[in-house]
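The listed protein sequences correspond, in order, to chains A and B.
Per full-length UniProt numbering, the first sequence starts with residue 1, numbered consecutively.
Per full-length UniProt numbering, the second sequence starts with residue 1, numbered consecutively.
All residues carry an ideal CB built from backbone N, CA and C; glycine is no exception.
One structure below.
Number of protein chains: 2
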Amino acid sequence: MEVKLPTFNSVFSIDCVIFGFEAGELKILLIERNEEPYKDWLALPGYIVEQDESIDDAAERILYELTGLRDLHMQQFHTFGEVNRHPQGRVITVAYYALIRINGQKELRPITQYARKAFWHPVNELPKLAFDHSEIFKTGFNKLRRRLNYQPIAFELLPEKFTLTQLQSLYEAVLNKKLDKRNFRKKMLSYGFLKELDEKQKGVSYRAAKLYKFDRRKYSKIFQNELNLENKGKVI
Amino acid sequence: MEVKLPTFNSVFSIDCVIFGFEAGELKILLIERNEEPYKDWLALPGYIVEQDESIDDAAERILYELTGLRDLHMQQFHTFGEVNRHPQGRVITVAYYALIRINGQKELRPITQYARKAFWHPVNELPKLAFDHSEIFKTGFNKLRRRLNYQPIAFELLPEKFTLTQLQSLYEAVLNKKLDKRNFRKKMLSYGFLKELDEKQKGVSYRAAKLYKFDRRKYSKIFQNELNLENKGKVI
Numbered sequence: 001m002e003v004k005l006p007t008f009n010s011v012f013s014i015d016c017v018i019f020g021f022e023a024g025e026l027k028i029l030l031i032e033r034n035e036e037p038y039k040d041w042l043a044l045p046g047y048i049v050e051q052d053e054s055i056d057d058a059a060e061r062i063l064y065e066l067t068g069l070r071d072l073h074m075q076q077f078h079t080f081g082e083v084n085r086h087p088q089g090r091v092i093t094v095a096y097y098a099l100i101r102i103n104g105q106k107e108l109r110p111i112t113q114y115a116r117k118a119f120w121h122p123v124n125e126l127p128k129l130a131f132d133h134s135e136i137f138k139t140g141f142n143k144l145r146r147r148l149n150y151q152p153i154a155f156e157l158l159p160e161k162f163t164l165t166q167l168q169s170l171y172e173a174v175l176n177k178k179l180d181k182r183n184f185r186k187k188m189l190s191y192g193f194l195k196e197l198d199e200k201q202k203g204v205s206y207r208a209a210k211l212y213k214f215d216r217r218k219y220s221k222i223f224q225n226e227l228n229l230e231n232k233g234k235v236i
Numbered sequence: 001m002e003v004k005l006p007t008f009n010s011v012f013s014i015d016c017v018i019f020g021f022e023a024g025e026l027k028i029l030l031i032e033r034n035e036e037p038y039k040d041w042l043a044l045p046g047y048i049v050e051q052d053e054s055i056d057d058a059a060e061r062i063l064y065e066l067t068g069l070r071d072l073h074m075q076q077f078h079t080f081g082e083v084n085r086h087p088q089g090r091v092i093t094v095a096y097y098a099l100i101r102i103n104g105q106k107e108l109r110p111i112t113q114y115a116r117k118a119f120w121h122p123v124n125e126l127p128k129l130a131f132d133h134s135e136i137f138k139t140g141f142n143k144l145r146r147r148l149n150y151q152p153i154a155f156e157l158l159p160e161k162f163t164l165t166q167l168q169s170l171y172e173a174v175l176n177k178k179l180d181k182r183n184f185r186k187k188m189l190s191y192g193f194l195k196e197l198d199e200k201q202k203g204v205s206y207r208a209a210k211l212y213k214f215d216r217r218k219y220s221k222i223f224q225n226e227l228n229l230e231n232k233g234k235v236i
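Here is the structure:
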């Protein structure tokens, strides 16, 4: 018995959930689509995978074409394959996510005609998104929350030098709850991966706060030991 | 500008990494394929997603058809989309995994003609597998290792009543290293989710060990608090 692969009338796509943190708010990247029948729809940056590119390459290309951003460290987090998730046919989409520092990023500017504009939007008041993009966002956000517990991701969202208040407001934004200031500081400092700098916040008229840096070497050490039975526990 | 989805000459598939634990050994489920050009190849249970089924449904159907197993709690863990991963064309595969107790499972018996047989194989001495299935297995195994640290998965692999020696040998098999017996027991018992039973191991001629059960209520409580800053730490 010899079998040939069937030819399917279906496509793969990529959708990107790109998280950024700015002025105490957690945001994601959205685009306004430009082509019929989706003109004016708000959506996650996403498009179709070409026949001759890997899905990882496609994710990079698509994000770049729709937003002008590139060289992000994107990771896939889930594949969405419900039969009717796309009105035009069978589209199975691989969702990727990344975390970036919004400050210091270049201006957003779509290269392709499929997006009219790209912009940051706070995760707290997201509008209705195209297709199942609200669900894709939620799945990505839950993943981010879980990862915050056992991976050094907070520091990908913060500027290189940050105050403990900034760090706490990031945790509060991701976990969506207030944390006790004293406990938070005590716990965070106890791990030993925050390096106190000889510098203070600038541009603040009084009570400038101490700046901290993330000690990558110490951090890696903790995470190398993640599987170690003797490990002291989760990061937070 | 109106766009139509292109028609691609490509397919989606599912591949399954099913872990089981038996007699101190961690195993996965393999099939021997039956059709040309793959006759006799050893592979993960996997096949093509139909046009009118979701990927979750496809995973259940495919595993059942190739092995006779069903009603497993499968979860997708990664999608593999390199351009040349399949010799017959573009195939993007969504990989699923599950953990089961081998004892108590029915006999393995392929329903479809695409598999000649299905069998359990120790993960330690895996033969060469078809396509990129060795890589898919490795990715799944790493995922299992990481999850063992912060999710109650050990108990899905053990019989309902187990000895601490069995629990330790499972951790050792997954982490692939010897653990100190005293430390392991102390730490495991300290969490409070192991319930000591008034029963001992049967069929052992002397020094029968105490049996334990997993206290699901306590366990859930710990994992509900996973995101809690006051949380005491990882499970292991």
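Proximal residues of chain A, C-beta to C-beta of residue i below 9 Å
| i | result |
| --- | --- |
| B:Ile55 | Thr79, Phe80, Gly81, Glu82, Ile92 |
Listed by chain order, chain B residues near residue i by CB distance under 9 Å
| i | result |
| --- | --- |
| A:Phe141 | None at all; the shortest Cβ gap to chain B is about 12 Å. |
Residues sharing a beta bridge with residue i, DSSP
| i | result |
| --- | --- |
| B:Phe80 | B:Thr93 |
| A:Arg33 | A:Ala115 |
| A:Phe21 | A:Leu26, A:Arg101 |
| A:Trp41 | Partner(s): none; A:Trp41 has no beta bridge. |
| B:Asp15 | B:Gly46, B:Ala95 |
| A:His121 | A:Ile28 |
| B:Lys75 | Note on identity: in this sequence residue 75 of chain B is Gln, with Lys being the wrong assignment. Paired residues: B:Tyr97. |
| B:Phe214 | B:Leu194 |
| A:Ser10 | A:Arg90 |
Chain-ordered chain A contacts of residue i [CB-CB under 8 Å]
| i | result |
| --- | --- |
| B:Asp40 | Under the 8 Å cutoff, chain A gives no residues; its nearest Cβ is about 13 Å from B:Asp40. |
Residue burial classification, residue i (beta-carbon count within 10 angstroms, cutoff 16)
| i | result |
| --- | --- |
| B:Tyr114 | buried |
| B:Phe184 | buried |
| A:Phe12 | buried |
| A:Arg90 | buried |
| B:Glu60 | buried |
| A:Val235 | Interpretation of A:Val235 is limited by its pLDDT of 41, a score under 50 that renders its predicted location unreliable; no figure is taken from the coordinates. |
| A:Leu194 | buried |
| A:Ala154 | buried |
| residue 247 of chain B | Since the displayed chain B opens at 1 and closes at 236, residue 247 of chain B lies outside it and no answer follows. |
| B:Ala95 | buried |
| B:Gln166 | buried |
| B:Tyr97 | buried |
| A:Leu197 | exposed |
| B:Ile111 | exposed |
| A:Val123 | buried |
| A:Phe119 | exposed |
| A:Arg33 | buried |
| B:Ser169 | buried |
| residue 247 of chain B | Here chain B comprises residues numbered 1 to 236, so residue 247 of chain B is not present and cannot be evaluated. |
Within chain B, partners of residue i - CB distance below 8 Å
| i | result |
| --- | --- |
| A:Phe12 | Phe8, Ser10, Phe12, Gly81, Ile92 |
| A:Gln76 | His78, Thr79 |
Contact list for residue i against chain B, beta-carbon separation under 7 Å
| i | result |
| --- | --- |
| A:Asp15 | The contacting residues do not exist; A:Asp15 stays about 12 Å from chain B at best. |
| A:Asp52 | Val83 |
Neighbour flag for residue i against chain C, beta carbons, 8 Å
| i | result |
| --- | --- |
| B:Ser169 | Here chain C cannot be found, since the structure's protein chains are A and B. |
Check: residue i C-beta below 7 Å from any heavy atom of the ligand FAD
| i | result |
| --- | --- |
| A:Lys177 | In terms of ligand content, the structure shown is empty, and the ligand FAD therefore cannot be addressed. |
> Listed in chain order, which residues of the segment 154-171 of chain A have Cβ atoms closer than 9 Å to some Cβ of chain B?
Replying inline: Within the segment 154-171 of chain A, the qualifying residues are Tyr171.
> Which whole runs of the alpha helix (DSSP H) in the segment 155-207 of chain A are 4 residues long or more, in chain order?
Replying inline: Residue ranges of uninterrupted alpha helix (DSSP H) with 4 or more members, entirely inside the segment 155-207 of chain A and ordered along the chain, are 164-175, 181-190.
> Mind pulling the beta strand (DSSP E) runs of 3 or more residues that sit fully within the segment 128-158 of chain A?
Replying inline: none
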